[in-house]
Amino acid sequence: MTDRDMYHAERLRKMVMVDTVSVKDVYDSVRFDRFHKVLEDLFPRCFSTMETHWFDGSLLLRWRAEEPKDDPVLLMSHQDVVEASGTWKHPPFGGDIADGALWGRGTVDTKGSLYCIFQAVEELMEEGFRPSVDVYIASSCNEETNGPGAERTAEYLEKEGVHLQFLLDEGGMIKSEPLKGAEGRYAMIGCVEKGTGNFRFVARGSGGHASAPGRNTPLVRLAAFILDVERHSPFKSRMNATTCEMFRRLGGGVRGPLGFVFRHAKVFSPLLEFLLPRVNRLASAMITTTIAFTTAKGSDGLNVLPQEAYVTGNIRFSHQQGVAASLEALERIARRHGVEVEVIEGHDAYPVVDHDSRAFKLVEQVIGEVFPGVVPVPYCMTGGTDARHYSNLTADAIRFAPLEINEQQYQSIHGLDENINVDTLSRGVEFYKRILGKV
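Residue 20 is where the sequence shown starts when you use the numbering used here, and the numbers rise one by one after that.
Here it is as structure tokens:
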């Protein structure tokens with residue numbers, strides 16, 4: 020750990036110490052105004068030089084190029100965090116630096132990368148750098164609650180006629196053995212973002228007193244339906260160009276026959292489509308639509324049979340099986356159990372970033388320069404990001420944060436004891452500086 024690493028950690032801790040937990044459909048101006056004041060104090064050149072736009076707490080800054088030679092680029096990372104309940108080793112908003120790490124909610128998701136973006140631009144300004152294209156920084160205050168910040172920002176840019184070369188948002192990071200058995204360090208670069216939706220599954224009955232229950236009451240039929248979906252998934256597994264390339268690159272670190280299959284993923288795609296859902300939950304989620312049953316309701320009385328009961332399912336749609344196809348597949352099972360299906364909301368998967376594009380190759384190049392020995396890997400994200408709102412503005416919405424994390428830190432995202440290694444911050448800053456120096 021160098022003095023420079025500690026310098027970055029001491030600055031980032033000031034951001035972490037501000038509680039920016041977002042609440043759905045509520046904007047806490049006091050909380051986010053305080054955070055914005057910290058940003059302005061930490062990065063005075065950014066806020067005095069760049070044009071600043073505010074969307075109820077969500078930020079958009081623009082660094083104008085004197086004579087732009089190409090389309091702008093956008094660097095983005097959200098400022099809000101999820102709640103920090105439970106017992107933590109270090110206080111979630113204490114900003115403790117201990118054991119070579121900075122501890123606190125948001126260090127990984129995603130104040131760490133937001134700091135590196137602002138710090139990179141601040142240092143470039145101090146060094147007298149002049150961008151060759153316009154540079155935007157965006158940071159929503161309600162990404163964690165699917166709020167409107169990023170959507171409003173993207174709409175503003177679209178109305179202004181902006182077309183982006185590419186954007187860099189949160190997504191994959193640098194991790195050892197991202198898939199069990201893949202030895203080595205890999206930069207997981209998100210090129211695919213699945214669609215999201217929520218369905219409601221409803222069963223109806225005549226109700227009555229619980230002392231004399233009939234058969235196949237609403238809750239029983241719902242239970243049978245859930246079990247049927249769990250045991251006989253209606254969703255198809257399909258490899259695509261991105262997942263084939265992902266397994267090909269990961270295969271270089273996998274020993275034995277499985278490594279051979281991975282390195283020739285395109286040839287063995289039917290085998291992988293059959294095996295992965297049976298042996299690896301994460302890998303399976305990258306090649307298929309998934310459903311997770313999340314909420315349920317029956318009657319309001321402990322001794323009353325419900326006339327209507329429902330469960331909800333959160334669905335992540337693959338490219339080959341979107342909202343309409345998933346609805347049709349689930350309805351076939353639901354009909355067998357006397358269950359109705361309602362779509363609460365749903366959006367198909369988002370455009371795929373070509374891993375042979377100029378923007379992707381630039382990211383690959385800079386990863387190689389800043390993180391020697393790390394293998395860049397395109398992959399399919401199973402979670403959601405703000406980048407999805409910018410699909411009309413660029414074909415290269417790349418989901419990658421240049422920070423190296425370990426397994427505990429990965430598991431701490433939205434969990435207990437979130438933390439980031441201090442010695443990865445300097446390289447994160449350098450990554451963004453080099454990206455801007457090459458566009």
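For glycine and all other residues, C-beta sits at the position ideal for the given N, C-alpha and C. Note that the structure is predicted; figures quoted are calculated from it, not measured.
8 Å contact criterion, which residue i and residue j should meet: CB distance rounded
i: SER96; j: SER158; result: 6 Å
i: GLU189; j: LYS452; result: Between LYS452 and GLU189 the Cβ distance is about 19 Å, and since that is not below 8 Å, they are no contact.
i: VAL396; j: MET258; result: Not quite, the Cβ-Cβ distance comes to about 15 Å (not below 8 Å), so this is no contact.
i: ALA302; j: LEU295; result: 5 Å
i: GLU170; j: HIS408; result: 5 Å
i: PHE379; j: ASP405; result: Their Cβ separation, rounded to whole angstroms, is 19 Å, which puts PHE379 and ASP405 out of contact at 8 Å.
i: LEU422; j: THR443; result: 5 Å
i: GLY271; j: VAL394; result: 7 Å
i: SER345; j: ILE306; result: So it is not a contact: roughly 15 Å between Cβ atoms.
Endpoints, the alpha helix (DSSP H) within which residue i is located
i: THR16; result: The chain is shown only over 20 to 458; residue 16 falls outside these bounds and no answer can be derived.
i: ASP22; result: 22 to 35
i: ALA139; result: 130 to 145
i: PHE293; result: 288 to 298
i: ARG268; result: 260 to 269
i: GLU350; result: 342 to 355
i: GLY123; result: Segment: none, GLY123 is in no alpha helix (DSSP H) and carries neither H nor E.
Helix, strand or coil at residue i according to DSSP, with G and I counted as helix
i: HIS228; result: strand
i: ASP188; result: strand
i: TYR429; result: helix
i: LYS316; result: strand
i: PHE51; result: helix
i: ARG250; result: helix
i: LEU455; result: helix
i: SER67; result: helix
i: LYS194; result: strand
i: LEU412; result: coil
i: PRO237; result: helix
i: LEU435; result: coil
i: PHE244; result: helix
i: GLY402; result: coil
i: GLU202; result: coil
i: GLU361; result: strand
i: THR308; result: coil
i: PRO111; result: coil
i: SER104; result: coil
i: ARG446; result: helix
i: ARG335; result: strand
i: THR164; result: helix
i: ARG219; result: strand
i: ARG149; result: coil
i: VAL181; result: coil
i: GLU59; result: helix
i: VAL464; result: Not covered by the structure: residue 464. The range shown for the chain is 20 to 458.
i: ARG407; result: helix
i: GLY272; result: helix
i: SER41; result: coil
Neighbourhood of residue i by C-beta, 6 Å cutoff - its chain only, sequence neighbours within 5 removed
i: ASP75; result: TYR46
i: THR236; result: GLY224 and LEU324
i: VAL140; result: CYS65
i: LYS33; result: VAL57
i: ILE245; result: PHE312
Proximal residues to residue i (C-beta, below 8 Å), its chain only, five neighbours per side dropped
i: ASN165; result: LYS43 and GLY403
Residue i, buried or exposed, once every other Cβ within 10 Å from all chains shown has been counted against 16
i: ASN322; result: exposed
i: LYS213; result: buried
i: TYR134; result: buried
i: ALA343; result: exposed
i: TRP107; result: buried
i: THR262; result: buried
i: ASN438; result: buried
i: TRP82; result: buried
i: TRP73; result: exposed
i: LEU290; result: exposed
i: SER445; result: buried
i: HIS338; result: buried
i: GLN430; result: exposed
i: PHE279; result: exposed
i: PRO91; result: buried
Cβ-based neighbour list, residue i, same chain, cut-off 7 Å, excluding 5 preceding and 5 following
i: GLY392; result: ARG204
i: GLY200; result: VAL273 and LEU277
i: ARG240; result: ALA222, HIS356, GLY357 and VAL358
i: GLU361; result: PHE218, ARG219 and VAL221
i: GLN428; result: VAL127, ASN438 and ILE439
i: ARG267; result: PHE281, ARG282 and ALA284
Start and end residues, beta strand (DSSP E) containing residue i
i: LYS380; result: Premise fails: LYS380 lies in the alpha helix (DSSP H), 377 to 389, not in any beta strand (DSSP E).
i: LEU80; result: 77 to 82
i: ARG282; result: Here ARG282 belongs to no beta strand (DSSP E); instead the alpha helix (DSSP H) covers 275 to 282.
i: VAL371; result: Premise fails: VAL371 is in no beta strand (DSSP E) and is neither H nor E.
i: LEU93; result: 92 to 95
i: VAL154; result: 154 to 158
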